[in-house]
């Protein structure tokens, strides 16, 4: 089973684009060790909207149908990072809210208790969260064995990623 992908993102992923990226990466930054090269991305999920809805309407395609379901939808974001040698850093989970709530964490989730959890007013990342994730997750987990080694963090152009 596949997952949905934004059309622009899908269409821009071409062999030419991949070669362009790796030519730059190898030419400019190839001297940085794979374990010190980290790709970071953000994603998210919408909760409160899914299969638990009821559609009420006519079979006539010209008429509108109504969807009955939960009216509250919350966005939960995540920050994920992986080194070029395949090691995943602790993910960041961003809930919508003012402070973390104990009931959000079921007993089954104790195995992921060391993940980085934080809240924001809308469940999205922002400059503050980006900097905090950098300080609490990225920097400690990517400290090179040889302190003279450089690190490379690869981000998209999202505002909170470039702060």
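In the UniProt record's numbering, the protein residues as written are 1 to 163. Note that beta-carbon positions come from the ideal geometry of N, C-alpha and C, so glycine has one too.
- [ ] Return the bridge partner residues of residue 171 from the DSSP annotation.
- [x] Outside the displayed span of the chain (1 to 163) sits residue 171, for which this structure offers no information.
- [ ] Find out if the Cβ-Cβ distance for the pair residue 41, residue 80 is shorter than 7 angstroms.
- [x] yes
- [ ] Put residue 32 into one of helix, strand or coil per three-state DSSP.
- [x] When secondary structure is reduced to three states using DSSP, residue 32 falls in the coil class, being assigned neither helix nor strand.
TODO: Would you check whether the ligand ATP has a heavy atom nearer than 6 angstroms to the C-beta of residue 139?
DONE: The ligand ATP is absent from the structure shown, which contains no ligand whatsoever.
Task: Exposed unless 16 or more other CB atoms sit within 10 angstroms - verdict on residue 38 - done: buried
- [ ] Mark residue 92 as exposed unless 16 or more other C-beta atoms lie within 10 angstroms of its C-beta, in which case mark it buried.
- [x] buried
Open item on the list: Using a 10 Å radius around the Cβ and a threshold of 16 neighbouring Cβ atoms, would you call residue 118 buried or exposed?
Closed with: buried
Task: Closest residue to residue 43 among 149, 78, 112 (Cα-Cα distance) - done: 78 is the residue among 149, 78, 112 whose C-alpha sits nearest the C-alpha of residue 43.
Task: Rounded straight-line distance, which links the Cα of residue 150 to that of residue 144 - done: 8 angstroms
Open item on the list: Please state the DSSP three-state secondary structure of residue 123.
Closed with: Correct three-state label for residue 123: coil.
Task: Closer than 7 angstroms to chain B by CB, residue 154 - done: The structure shown has no chain B; it contains just one protein chain.
- [ ] Please go through the same chain and pick out, in chain order, the residues whose beta-carbon is closer than 6 angstroms to the beta-carbon of residue 88, but skip the five residues on each side of it.
- [x] So the list reads 82, once near-sequence residues are dropped.
- [ ] Take residue 90 as the anchor and find which of 125, 136, 121 has the nearest alpha-carbon.
- [x] 136
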